[in-house]
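First residue of the sequence shown? That's 23 in the working numbering, and the numbers climb one at a time after it.
Each residue gets a CB set at the ideal place from its N, CA and C atoms; glycine is no exception.
First up is the structure itself, then whatever we jot down about it.
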Amino acid sequence: VGTGGYLYWNHNQLTAASEECATSYDKAVKAQKKLTEYLESDALKTAVTVKDSEVKDAKTVAVLTSTVKTAEKTKTTIPECPSGNLTIKAMTKEIDGLATAYSRTVSEVKGKAEAVNGSKLDKIVADATKILNDSKGRVKDDKTRTVLENAIKTKDEKAISDAVKAVNDSIKAKS
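Okay, here's the thing in structure tokens:
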């Protein structure tokens, strides 16, 4: 009876550990997929192509490039869950660690990409503000300056670009 009880208890322990490992494996696979998708995303590709001259803080571009290179190297194979012995608990812990690492890497790369995009917008706003200040009294239609001022306030990249063009065209028209 004692041996049967022990075997039953051991079987239950192994079953529970196997289910826990399978859950961890699924979580790690999803996290790895999310990392791969983000590394191949248009948002990241756009941020990576930004040049130092297009941002206010050039360090953000270098940090993003370095972070992406590191992230691309973290793609490792996720080990399968072993069956039939209790080393499964150690493997589950390792797989959980991989899942956490993938999730952390996605967050880190996203943060660096957002820093580059933010720095790019800061430079666009700074350049547009300089154009706004330099154009006072030099434009044919002062409404173009008001549109530019409003676009700067909204920090809308496309609206700023269009308004800068309109102000520059108005300066040319007056001269």
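Sequence-distant partners of Ala-80 (beyond 5 residues in either direction) whose C-beta falls short of 6 Å from its own C-beta, in its chain, are Asp-74.
In the DSSP assignment, Lys-78 falls outside any alpha helix (DSSP H) and carries neither an H nor an E. In the structure shown, the three-state DSSP call for Ser-46 is helix. Excluding five sequence positions before and after Lys-196, the CB atoms of its chain that fall closer than 7 Å to its own CB belong to Arg-160, Val-161 and Lys-162, given in chain order. Secondary structure remark: continuous alpha helix (DSSP H) runs of at least 4 residues inside the stretch 102-187, in chain order: 110-156 and 165-176. The beta-carbon separation of Ala-148 and Lys-78, rounded to 6 Å, stays under the 8 Å limit for a contact. Shown here, Glu-94 sits in a helix according to DSSP, grouped into three states. A Cβ-Cβ distance of about 5 Å is found for the pair Ile-110 and Ala-39, placing them in contact under the 8 Å criterion.
Close CB contacts of Ala-121 within its chain, under the 7 Å cut and outside five residues either way in sequence, are with Ser-46, Lys-49, Ala-50 and Ala-53 (chain order).
Residues of the same chain with a CB within less than 7 Å of the CB of Val-138, apart from the 5 flanking positions on each side, are Ala-69, Val-72, Val-77, Thr-82, Val-83 and Leu-86 in chain order. Shortest Cα-Cα distance from Thr-96 to any of Lys-67, Ser-88 and Glu-102 involves Ser-88. Contact between the stretch 112-130 and the stretch 140-155 is not established, with fewer than three Cβ pairs separated by less than 8 Å. Taking all protein chains in view, the Cβ of Ala-65 is surrounded by fewer than 16 other Cβ atoms within 10 Å, so the residue is classified as exposed.
The continuous alpha helix (DSSP H) containing Thr-68 extends over residues 64-70. Closest in C-alpha terms to Pro-104, from the list Glu-94, Thr-176, Cys-43 and Arg-126, comes Cys-43. In summary, Thr-25 is exposed, with fewer than 16 beta-carbon neighbours lying within 10 Å of its beta-carbon over all protein chains present.
Distance from the Cα of Ile-146 is smallest, within the candidate group Ser-129, Ile-117, Asp-184 and Arg-126, for Asp-184. Here Val-186 really is in contact with Ala-150; their C-beta atoms are around 5 Å apart, less than 8 Å.
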